[in-house]
Amino acid sequence: MKLSESVKTISGYNPSPFTLNGTNCFIIGTGKTKILIDTGEGVPEFIRDLQQEVPEIECVIITHNHKDHIGGIGKLLEIYGEVPIFKHCLEGEEGSYINVNDGDIFETEGAFLRVIETPGHSDDSISLYFEEENSIFTGDIILGTGSTFLSNYTKYLQSMEKLLGLNPDYLYTAHGEAKVPGSKIREDLTHRENRENQVIEALCQEMDIKEIVKKVYGQIDSKLAVVAEGNTKLYLENLMSKGKVAVNDEKWMKIV
Numbered sequence: 001m002k003l004s005e006s007v008k009t010i011s012g013y014n015p016s017p018f019t020l021n022g023t024n025c026f027i028i029g030t031g032k033t034k035i036l037i038d039t040g041e042g043v044p045e046f047i048r049d050l051q052q053e054v055p056e057i058e059c060v061i062i063t064h065n066h067k068d069h070i071g072g073i074g075k076l077l078e079i080y081g082e083v084p085i086f087k088h089c090l091e092g093e094e095g096s097y098i099n100v101n102d103g104d105i106f107e108t109e110g111a112f113l114r115v116i117e118t119p120g121h122s123d124d125s126i127s128l129y130f131e132e133e134n135s136i137f138t139g140d141i142i143l144g145t146g147s148t149f150l151s152n153y154t155k156y157l158q159s160m161e162k163l164l165g166l167n168p169d170y171l172y173t174a175h176g177e178a179k180v181p182g183s184k185i186r187e188d189l190t191h192r193e194n195r196e197n198q199v200i201e202a203l204c205q206e207m208d209i210k211e212i213v214k215k216v217y218g219q220i221d222s223k224l225a226v227v228a229e230g231n232t233k234l235y236l237e238n239l240m241s242k243g244k245v246a247v248n249d250e251k252w253m254k255i256v
């Protein structure tokens, strides 16, 4: 699907409660060779669409090391040959990828991309600022539908403020709607603030995390409940750092 003069998206054909509609992978550039952002899980339908759209890949940029973003690398290399694979590498990953860091540049016909380190969903997450369009490829730090699960709340908030400072017109996201207004950054930050307030309001008595999640989120899919519990724990730890809640023997309480 064409999203702009320089951007197309290909579905990863891997829908699930976690990936939503599947992974949105992006083809960048207007020339003969293209940049590919993420590789889905390498299912046959994705490979078919990729071959139809892209006869030659200049390089692949991986936004982070989760299966639904790296799973297609092996099949892609079989078809396209030794395409360079770029990623922000954590310790021990350097042999598998070419490392990129904050501020590194990718340039192809029709696109100039700048790497932005945006940890929070994962420690290795990056986004890519597309200068010509004043847009950002967000990976999983921002979803087109709903909100992402977190690994580090403090880093997430710092990353979101970094993206907010760019004041983008549009975001290209890896799950849900592929292209959304830049205002989604502020919407997600407001959502997190509201969740923290809901957590505080839920603490009318001492409660464990499962009890808090049930009160805040209601009845949700058991797999998504695990994600909600992880995010809620991070909210509670952030609130505790502000002196608003305390914990004793895994029971959380509001500090009046």
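First residue of the sequence shown? That's 1 in UniProt numbering, and the numbers climb one at a time after it.
Don't be surprised by glycine CBs; every beta carbon is placed ideally from N, CA and C.
Computed from a prediction, not measured in an experiment: that's the story for all the values here.
Outcome for VAL256 when other beta-carbon atoms lying within 10 angstroms are tallied against a minimum of 16
Label assigned to VAL256: exposed.
Point to revise | Given PHE130 as reference, the closest of ILE141, ARG192 and TYR170 once Cα atoms are compared | key: The candidate whose alpha carbon is nearest that of PHE130 is TYR170.
Practice problem: Out of GLY95, THR148, GLU117 and MET253, state which residue places its alpha-carbon closest to the alpha-carbon of ASP104. | Solution: For ASP104, the nearest C-alpha among the options comes from GLU117.
* Asked: Whose CA, out of GLY95, GLY81 and LYS162, lies closest to the CA of GLU58?
  -> Checking every option, the nearest Cα to that of GLU58 belongs to GLY81.
HIS175: buried (16+ other C-beta within 10 angstroms of its C-beta) or exposed?
It is buried - the Cβ of HIS175 has at least 16 other Cβ atoms within 10 Å.
Cβ-based burial, VAL226 [other Cβ within 10 Å; buried from 16] = Burial call: exposed.
### Query
By Cβ distance, which residues of its chain are closer than 7 angstroms to GLY29, with the 5 residues on each side in sequence left out?
So the list reads SER6, ILE35, THR108, GLU109, GLY110 and ALA111, once near-sequence residues are dropped.
Margin query: Under DSSP, the alpha helix (DSSP H) around ASN197 begins and ends at which residues?
Written below: Here the alpha helix (DSSP H) through ASN197 covers 184-202.
May I have a chain-ordered list of the alpha helix (DSSP H) segments no shorter than 4 residues that lie completely inside the UniProt domain "Metallo-beta-lactamase" (22-175)?
Counting whole runs of 4 or more residues, the UniProt domain "Metallo-beta-lactamase" (22-175) contains the alpha helix (DSSP H) stretches 44-53, 67-70, 73-80 and 153-166.
C-alpha gap between GLU201 and GLY42, whole angstroms: Computed Cα separation, rounded: 44 angstroms.
* If we call anything under 8 angstroms between Cβ atoms a contact, is ALA178 one with THR9? -> It is a contact, given that the beta carbons lie within the stated cut-off.
message: Can you find the residues in the same chain that come closer than 7 angstroms, C-beta to C-beta, to GLN198, ignoring five residues on each side of it along the sequence?
response: Hits under 7 angstroms: VAL216.
Note to self: Does residue 262 pass the burial test, meaning 16 or more other C-beta atoms within 10 Å, or should it be called exposed?
What the structure shows: The structure shown does not extend to residue 262, since the chain is modelled only from 1 through 256, so no value can be given for it.
Requested in this report: Can you tell me the Cβ-Cβ gap for LYS155 and GLY182, rounded? I've got them flagged as a contact below 8 angstroms.
Outcome: Rounded, the Cβ-Cβ distance is 21 angstroms, inconsistent with contact.
Only counting the same chain, and skipping five residues up and downstream in sequence, which positions put a Cβ closer than 6 angstroms to that of ASN24?
Same-chain partners within the cutoff: THR9, ALA174 and ALA178.
Fill in: Same chain, Cβ closer than 6 angstroms to residue 298, five either side skipped, listed in chain order
Residue 298 lies beyond the range of the chain shown here (1 to 256); nothing can be said about it.
Going by the CB atoms, is the gap between ASP208 and GLY250 shorter than 8 angstroms? Per the sequence presented here, residue 250 reads as Glu, with Gly not at that position. For the 8 angstroms CB-CB criterion, GLU250 and ASP208 form a contact.
message = Assuming SER127 and GLY139 are in contact, meaning their beta carbons sit under 8 angstroms apart, how far apart are those beta carbons, in whole angstroms?
response = Under the criterion of beta carbons closer than 8 angstroms, SER127 and GLY139 qualify as touching, at roughly 6 angstroms.
Unbroken alpha helix (DSSP H) run spanning ILE209, endpoints | First-last of the alpha helix (DSSP H) with ILE209: 209-217.
Q.
Taking its Cβ as the centre, do 16 or more other Cβ atoms sit within 10 Å of THR39, making it buried, or is it exposed?
A. THR39 comes out buried.
Review point. Would SER125 be called buried (16 or more neighbouring beta carbons within 10 Å of its own) or exposed?
Key: Under this definition SER125 is a buried residue.
HIS64: which of LYS233, CYS89, PHE46 and GLU78 sits nearest, CA to CA? By alpha-carbon distance to HIS64, the top candidate from LYS233, CYS89, PHE46 and GLU78 is CYS89.
Contacting residues, own chain, Cβ-Cβ under 8 angstroms from GLY243 (five flanking each side not counted) | Around GLY243: ILE255.
Beta-carbon proximity of LYS210 to GLU229, cut-off 8 angstroms: Taking 8 angstroms as the cut-off, the beta carbon of LYS210 is found closer than this to the beta carbon of GLU229.
task: Return yes when the Cβ of ILE79 is within less than 8 angstroms of the Cβ of VAL60, no when it is not.
output: Contact: no.
- When burial is assigned at 16 or more other CB atoms within 10 Å of the CB, is LYS223 buried or exposed? By the neighbour-count rule (16 or more Cβ atoms within 10 Å), LYS223 is not buried but exposed.
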